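One structure is given below, encoded as structure tokens.
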Amino acid sequence: MRKRIVQRDGVPVVAIPPKLLDELGLSLGDEVELQVIDGLLMVMPVAGVLSTESGFDAVMEDLLNRRSDIYAVLGD
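Residue numbers for the sequence shown, in the working numbering: 12 to 87.
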């Protein structure tokens, strides 16, 4: 998995390919919460885009299958 460490104004930034953004139902500028759980970077939309458990599970399965497409960018 490729990683890029980027910070803007001291805030860690995560870069997600535009196609995956669309599949997650996100747009540029959407606010998300980042968590690392069991070594995986979780992207949790603050606005509740993934409000159902089945929706969350489907997206997480897709992310696991495509994790090489995702650039995890974490600060210190």
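Each residue gets a CB set at the ideal place from its N, CA and C atoms; glycine is no exception. Because the structure is a prediction, the values reported are computed rather than measured.
Cβ-Cβ distance between residue i and residue j below 9 Å
i, j, result
"residue 43", "residue 37", "yes"
"residue 35", "residue 54", "yes"
Alpha carbon of residue i to alpha carbon of residue j, nearest angstrom
i, j, result
"residue 26", "residue 33", "13 Å"
"residue 73", "residue 20", "31 Å"
"residue 29", "residue 41", "13 Å"
"residue 45", "residue 68", "16 Å"
"residue 59", "residue 39", "Note that residue 59 scores 49 on pLDDT, short of 50, meaning its location in the model is unreliable; the coordinates nonetheless yield the value given after this. So the two alpha carbons sit approximately 16 Å from each other."
"residue 31", "residue 49", "22 Å"
Range covered by the beta strand (DSSP E) that runs through residue i
i, result
"residue 31", "Looking at the DSSP string, residue 31 is not in any beta strand (DSSP E); the run it does join, the alpha helix (DSSP H), is 29 to 34."
"residue 37", "Per DSSP, residue 37 belongs to no beta strand (DSSP E) and is neither H nor E."
"residue 44", "43 to 48"
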